[in-house]
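Numbering (our numbering), first residue to last: 39 to 97.
What follows is one structure encoded as structure tokens, with my remarks underneath.
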Amino acid sequence: MLALQRRGVGSAAIAATHGVSHNTIRTQIRPLYRKLGVTSRAEAVAVAERLSLLDDAAL
């Protein structure tokens, strides 16, 4: 999900792509943000990039 968010894809579009609700995506993102110690999408992507958690092939 972070790779998609990195490309600017919104939660609603991610949900539609995966056939789940927007709330499901939000529920799955919340613990990820908590583990990364962030509160926003931009922070999450920045931290994930810094920690090399995102595959450049996902661009």
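C-beta atoms are modelled at their ideal positions from N, C-alpha and C, and glycine is treated no differently.
None of these values were measured; they are calculated from a predicted model.
Check	Outcome
Cut-off 6 Å between Cβ atoms - residues of its own chain near A96, not counting five sequence neighbours on either side	Confidence at A96 is low in this model, with a pLDDT of 47, below 50, so the placement of that residue should be treated as unreliable; the coordinate-derived value is given next. These residues qualify, in order along the chain: A41.
Under 8 Å between C-beta atoms of A53 and Y71	no
Start-end ranges of the beta strand (DSSP E) lying completely within the stretch 43 to 88, minimum 3 residues	none
Per-residue DSSP class, three states only, for L40	helix
CA-to-CA distance, G57 to R88, given in whole angstroms	30 Å
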